[in-house]
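Numbering (the working numbering), first residue to last: 469 to 1070.
Report on one structure; see the data block that follows.
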């Protein structure tokens, strides 16, 4: 805080005063009666129905230790404090938070799909008291299960906008071999060139959490999961990045031996000799991953991985001395300079926009509540960059269509918001977003509804809004009805550019594959107003690890009537093959609603 600007400090202090919560809520409400069934419930009702009944009984028990009245009062206080705190932030400069609504999933993992829908997946809760561990981290057996949902923004924000897309039922090698929806929470994921999401790893349970060898893809076109051959090793908390060849590189993660045993084994999917899924109907089923010769001995899990314009994969570990450069073609690893900052927990990292070429530098920020500085890796050297107003962990930093950055979410530490672990009370500052302009300067902005730390997430939608979700502790602590099956919540934010007048219109883009370094045209009824055309890669993120982000300007070659001439990026190292959102921007930086294009050709 000593290096933050005076205005930033004053903003934090003002927000702290505005966001103060009441010390005590209304008296506890009577606990709801538990539902009991006699006999073998699963045999009579089926696995899914029996599981639902068990969850309802657990929810009823949880209201005894953490009553509904407390959740209701907390949510109301947060809503009012947010209203007061944000009254002084003009939307045209700072943007504004708008909708807040229930979700059936915690959103531990999220992915924007090329259909415009959002995939959310996590775990079935084993506890609804936020002062206890809510997830099945150390659970062995049937209750250690995963779940997944789709949210369709075009369908609104009600329960009908969500569709259940349960993961495949698997037999987990935990000694019980009881079938359950795959426990793939705290896995790693990235995109394949055909828009599918590859998901690797998960939690077998026990041993403080132990790695699963699971390998899946989610197909956005059929909205189904497909299982592939197991990986060579189990991984819990791995990272995955898509390289210039469209293959996914998988590193780190706690092994089958349990927490404290990260694996150094590096794998890629699909294995060499198997075709990379390219067309929407190329669904990988039973496809193996292949092991690389080089290893990645990260001491801590979920390293940040980025595929930059040189075609190399940059592995930025949480430990300052574990910064590596991987050559996926030569299959070798080289050292990068030690990062100037010490250990970083779950903080964010972003490949910085670099105009018409792919990114060649990364900004590392967050992960240490004592350090507000940001650190840039560029040209093989580290520099200390402009600090944010304060240090935070569990934050998410996103690239907006106009190339600026936004930080949302954050906490003091894992499940600690400033008042000790497993305490829903939060330091008010962690609810405030920060904005980074084109010159690299940070400014504090409005406050979100909930504090969101561990397992929080955010992504940019095709209409330019930001979706915020995640953090099961805060979601169940502020659940308006803990018994209704809507465990989570989503909040929407409209960036400032949506409050600066009419938006450009992007009417039509080419269908099919667009080769690299190739001219193409789009149509726009407001073509004369277009000043920039940019590509923004979709986000799939968990635990502040977002390996898929990418922002590139496209060369504009001319405007003729309603036609705008553009040119694709130079090569696959600049923008790995796959689907991207294309935005048109006017002179004020206001973006159109995006349309999807596909880069690369077989």
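Positions of the beta carbon are idealized from the N, C-alpha and C atoms, including for glycine.
Cβ neighbour criterion (16 or more within 10 Å) applied to residue i
i            : result
residue 591  : buried
residue 858  : buried
residue 536  : buried
residue 425  : Outside the displayed range of the chain (469 to 1070) lies residue 425, so it cannot be described from this structure.
residue 817  : buried
residue 1065 : buried
residue 947  : buried
residue 612  : buried
residue 986  : exposed
residue 639  : exposed
residue 868  : buried
residue 580  : buried
residue 1067 : buried
residue 675  : buried
residue 1062 : buried
residue 1050 : buried
Rounded distance between the beta-carbons of residue j and residue i, thought under 8 Å
i            : j            : result
residue 716  : residue 678  : At roughly 22 Å, the Cβ-Cβ gap does not stay under 8 Å, so residue 716 and residue 678 are not in contact.
residue 671  : residue 683  : That belief does not hold up - the Cβ atoms of residue 671 and residue 683 are roughly 15 Å apart, past 8 Å.
residue 666  : residue 637  : At roughly 20 Å, the Cβ-Cβ gap does not stay under 8 Å, so residue 666 and residue 637 are not in contact.
residue 1022 : residue 1035 : 6 Å
residue 593  : residue 599  : Incorrect: roughly 14 Å between the Cβ atoms, too far for contact.
residue 958  : residue 935  : 6 Å
residue 745  : residue 661  : 7 Å
residue 813  : residue 839  : With a Cβ gap of about 11 Å, residue 813 and residue 839 do not count as contacting.
residue 785  : residue 766  : 5 Å
residue 794  : residue 1020 : Incorrect: roughly 22 Å between the Cβ atoms, too far for contact.
Same chain only: Cβ atoms within 8 Å of residue i, ignoring 5 sequence neighbours per side
i           : result
residue 972 : 992, 994, 997, 998, 1052, 1053, 1054, 1058, 1059 and 1060
residue 743 : 750
residue 908 : 853 and 854
Nearest to residue i (by Cα), restricted to the options the options
i            : options                 : result
residue 534  : 1033, 942 and 588       : 942
residue 707  : 1035, 655, 864 and 931  : 655
residue 777  : 887, 1037, 933 and 693  : 1037
residue 688  : 674, 620 and 628        : 620
residue 967  : 563, 553, 552 and 549   : 563
residue 876  : 1021, 823, 882 and 863  : 863
residue 577  : 1008, 804, 1062 and 630 : 1008
residue 1091 : 906, 921, 874 and 642   : For residue 1091 there is no data in the structure shown, the boundaries of the chain being 469 and 1070.
residue 1046 : 725, 582 and 545        : 582
residue 1002 : 1011, 722 and 1033      : 1033
residue 866  : 905, 845 and 1025       : 905
residue 757  : 736, 664 and 747        : 736
residue 732  : 740, 741, 555 and 720   : 720
residue 607  : 939, 646 and 825        : 646
residue 938  : 917, 629 and 623        : 917
residue 673  : 813, 690, 727 and 718   : 727
residue 1016 : 1029, 1048 and 988      : 1048
residue 811  : 988, 834 and 566        : 834
residue 832  : 911, 1014 and 649       : 1014
residue 1027 : 1043, 1000 and 1012     : 1000
residue 828  : 626, 782, 974 and 802   : 782
residue 714  : 889, 1050 and 1040      : 1040
residue 803  : 848, 796 and 960        : 848
residue 774  : 1004, 711 and 740       : 711
residue 919  : 951, 886, 928 and 912   : 886
residue 558  : 1069, 965, 1042 and 979 : 965
Own chain, CB closer than 6 Å to residue i, minus 5 neighbours either side, in chain order
i            : result
residue 573  : 588, 590, 617 and 956
residue 681  : 698, 699 and 702
residue 798  : none
residue 642  : 608, 672 and 673
residue 555  : none
residue 1056 : 968
Beta-carbon proximity list for residue i, same chain, < 7 Å, skipping 5 on both sides
i           : result
residue 976 : 990 and 991
residue 694 : 684, 685, 687, 751, 752 and 753
residue 860 : 834, 837, 878, 879 and 898
(request) Could you pull out every unbroken beta strand (DSSP E) segment of at least 3 residues lying fully inside the region 867 to 900, listed in chain order? (result) 873 to 876
(message) Quick check for students: name the residue ranges of the alpha helix (DSSP H) that lie wholly in the region 535 to 589, counting only runs of 4 or more.
(response) 536 to 554 and 559 to 562
(message) Threshold first: 3 residues or longer. Then list the beta strand (DSSP E) segments lying entirely within the region 660 to 747, N to C.
(response) As for any beta strand (DSSP E) of minimum length 3 sitting wholly inside the region 660 to 747, the runs are 665 to 668, 683 to 687, 692 to 695, 707 to 710, 716 to 719 and 733 to 737, ordered along the chain.
(message) Report the start-end ranges of each beta strand (DSSP E) in the region 602 to 655 that is 3 residues or longer and not cut off at the edges.
(response) 614 to 619, 630 to 632, 637 to 639 and 647 to 649
(request) Only counting runs of 3 or more residues, tell me where the beta strand (DSSP E) segments fall wholly within the region 897 to 963, in order along the chain. (result) Within the region 897 to 963, the complete beta strand (DSSP E) segments at least 3 residues long are 900 to 904, 910 to 915, 924 to 928, 934 to 938 and 956 to 962, listed from N- to C-terminus.
(request) Note down, one range per segment and in chain order, each beta strand (DSSP E) of at least 3 residues found wholly within the region 973 to 1039. (result) 987 to 991, 1000 to 1004, 1019 to 1021, 1023 to 1028 and 1031 to 1035
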